[in-house]
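Undergrad: Got a structure for you, questions after.
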Amino acid sequence: MTAYAHVPVLLAEVLETLQPRAGVTIVDGTFGAGGYSRAFLEAGARVVAFDRDPSAARFAHPLQAAGRFRLVAATFARMAEVAGEGAVDGVALDLGVSSMQIDDAERGFSLMRDGPLDMRMGASGPTAADLVNQAQPAELARIFRDYGEERQARRIAGALARRRAEIPFTRTLDLAEVVERALGGRRGAKTHPATRVFQALRIVVNQELSELESGLAAAEVCLKAGGRLAVVTFHSLEDRIVKTFLSARAGRD
Numbered sequence: 305m306t307a308y309a310h311v312p313v314l315l316a317e318v319l320e321t322l323q324p325r326a327g328v329t330i331v332d333g334t335f336g337a338g339g340y341s342r343a344f345l346e347a348g349a350r351v352v353a354f355d356r357d358p359s360a361a362r363f364a365h366p367l368q369a370a371g372r373f374r375l376v377a378a379t380f381a382r383m384a385e386v387a388g389e390g391a392v393d394g395v396a397l398d399l400g401v402s403s404m405q406i407d408d409a410e411r412g413f414s415l416m417r418d419g420p421l422d423m424r425m426g427a428s429g430p431t432a433a434d435l436v437n438q439a440q441p442a443e444l445a446r447i448f449r450d451y452g453e454e455r456q457a458r459r460i461a462g463a464l465a466r467r468r469a470e471i472p473f474t475r476t477l478d479l480a481e482v483v484e485r486a487l488g489g490r491r492g493a494k495t496h497p498a499t500r501v502f503q504a505l506r507i508v509v510n511q512e513l514s515e516l517e518s519g520l521a522a523a524e525v526c527l528k529a530g531g532r533l534a535v536v537t538f539h540s541l542e543d544r545i546v547k548t549f550l551s552a553r554a555g556r557d
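Residue numbering for the sequence shown follows the numbering used here, starting at 305 and increasing by one per position.
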């Protein structure tokens, strides 16, 4: 597979903000399937892209022909050490899990498709199964509350602890079903009852919020004076971090 039919979220808005063109260097901090990078290259810009997911490399090959593209197998928190201080004109960050990761059941991100309970964006580190099966109930409840904003965090954590004492969790749909039962079923809800739990586990497994804080600081270092930053957020936790970062720097010369 060398192509992925996916148009990035808010592509037009990101292009309007960063204004890619010949002579401009842009960091695509979340390469994914290459949608943003492709658009930047088509506009004439040079692109330095980052992605910790090894599977992203296959989408980079068609972009190499432009001679203005480089993919770094790392998180965007490393952009300053790779791109250099004051070296880029724009930075784009499209946060959260990518569509290609969700669509691949074997990655363990989807609560609608059965797969191993993994959720790692990279190739190393503890999995979601490790976390669910080993963390103390109080720690699980804190994770679900703080990173999933789940009101029934303690109830869910208790249900998971009771179940794992008999059979460890290894599959995504198994976890989703246990959470759903703990909450009394869907009851007409538009979203799956386990959505917040899956979000919380994914954030912790991949250290997404600390990576975001480090990435924003790195973007500040590598952007030129007058450079532009475009961040696409998907939930309030990310949004809060970005707004706090920008607010703290408002009015700086």
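Heads up, the beta-carbon is just placed ideally off N, CA and C, and yes, glycines get one too.
Bear in mind the structure is a predicted one, so any value in this text is a computation, not a measurement.
#1: Please go through the same chain and pick out, in chain order, the residues whose beta-carbon is closer than 8 angstroms to the beta-carbon of Ala534, but skip the five residues on each side of it.
#2: Phe373 and Val392 - do their beta-carbons sit closer together than 8 angstroms?
#3: Pairing CB atoms from the stretch 382–392 with CB atoms from the stretch 519–537, are three or more of them under 8 angstroms?
#4: Only counting the same chain, and skipping five residues up and downstream in sequence, which positions put a Cβ closer than 6 angstroms to that of Phe363?
#5: What do you get for Pro358, buried or exposed, if any count of 16 or more other CB atoms within 10 angstroms of its CB means buried?
#6: Per DSSP, what are the beta-bridge partners of Phe373 in this structure?
#7: Name, in chain order, the residues that DSSP records as bridge partners for Arg532.
#8: I think Ile545 touches Leu516, with their Cβ atoms under 8 angstroms apart; what is that distance to the nearest whole Å?
#9: Would you report the Cα separation of Asn510 and Val328, rounded to the nearest angstrom?
#10: May I ask which residues mark the beginning and end of the alpha helix (DSSP H) holding Val311?
#11: Tell me which residue opens and which closes the beta strand (DSSP E) that Ile330 is part of.
#12: Since I believe Pro441 is in contact with Gly462 (beta carbons under 8 angstroms), could you give me their beta-carbon distance rounded to a whole number of angstroms?
#13: Counting along the chain, where does the alpha helix (DSSP H) carrying Pro441 start and finish?
#14: Take every Cβ of the stretch 447–464, pair it with every Cβ of the stretch 490–504, and state whether three or more of those distances are shorter than 8 angstroms.
#15: Quick one: what does DSSP say Arg490 is sitting in, helix, strand or coil?
#16: Tell me which residues share the same chain as Ala445 and place their Cβ nearer than 6 angstroms to its Cβ, disregarding the 5 neighbours each side in the sequence.
#17: Give the secondary structure of Pro430 by DSSP, where H, G and I count as helix, E and B as strand, and everything else as coil.
#18: Using a C-beta cutoff of 8 angstroms, does Arg356 count as contacting chain D?
#19: Rounded C-beta distance between Thr476 and Leu550? I'm assuming under 8 angstroms.
TA: On the basis of the supplied data:
#1: The residue you call residue 534 lines up with position 230 of the sequence shown. Result list for Ala534: Glu317, Val318, Thr321, Leu322, Gly394, Val395, Ala396 and Leu397, in chain order.
#2: Numbered from its first residue, the sequence shown carries residue 392 at position 88. Numbered from its first residue, the sequence shown carries residue 373 at position 69. The answer is no: Cβ separation not under 8 angstroms.
#3: By the Cβ rule, the stretch 382–392 counts as touching the stretch 519–537, because three or more pairs are nearer than 8 angstroms.
#4: One-based indexing of the sequence shown puts residue 363 at position 59. Cβ neighbours of Phe363 beyond the five flanking positions: Ala337 and Gly338.
#5: What you label residue 358 is simply residue 54 of the sequence shown in a count that begins at 1. So Pro358 counts as exposed.
#6: For the purposes of this step, residue 373 is taken as the residue at position 69 of the sequence shown. The beta-bridge partner set that DSSP reports for Phe373 consists of Val351.
#7: Here residue 532 refers to the residue found at position 228 of the sequence shown. For Arg532, DSSP records a beta bridge to Gly394.
#8: Taking the sequence shown and counting its residues from 1, the one referred to as residue 545 is at position 241. Taking the sequence shown and counting its residues from 1, the one referred to as residue 516 is at position 212. The pair is a contact, with the Cβ atoms about 5 angstroms apart (cut-off 8 angstroms).
#9: Taking the sequence shown and counting its residues from 1, one reaches residue 510 at position 206. Taking the sequence shown and counting its residues from 1, one reaches residue 328 at position 24. C-alpha of Asn510 to C-alpha of Val328: approximately 31 angstroms in a straight line.
#10: Here the question's residue 311 lines up with position 7 in the sequence shown. Element bounds for Val311: n/a, residue is neither H nor E.
#11: As a working mapping, residue 330 is identified with position 26 in the sequence shown. Looking at the DSSP string, the run of the beta strand (DSSP E) that includes Ile330 is Thr329 to Asp332.
#12: Reading the sequence shown from its first residue, position 158 is the one you call residue 462. Reading the sequence shown from its first residue, position 137 is the one you call residue 441. Between Pro441 and Gly462 the Cβ distance is about 6 angstroms, and since that is below 8 angstroms, they are a contact.
#13: Here residue 441 refers to the residue found at position 137 when the sequence shown is read from its first residue. Pro441 to Gly452 is the extent of the alpha helix (DSSP H) around Pro441.
#14: At 8 angstroms Cβ cutoff, the stretches touch.
#15: One-based indexing of the sequence shown puts residue 490 at position 186. Under the three-state reduction of DSSP, Arg490 is assigned to coil, being neither helix nor strand.
#16: Position 141 of the sequence shown, counted from the start, is the residue given in the question as residue 445. Answer for Ala445: Ala457, Arg458 and Ala461, listed in chain order.
#17: Stepping through the sequence shown from its first residue, residue 430 is reached at position 126. DSSP, read as helix, strand or coil, puts Pro430 in coil.
#18: Among the chains of the structure shown, chain D does not appear; only one protein chain is present.
#19: For the purposes of this step, residue 476 is taken as the residue at position 172 of the sequence shown. For the purposes of this step, residue 550 is taken as the residue at position 246 of the sequence shown. The pair is not a contact, with the Cβ atoms about 35 angstroms apart (cut-off 8 angstroms).
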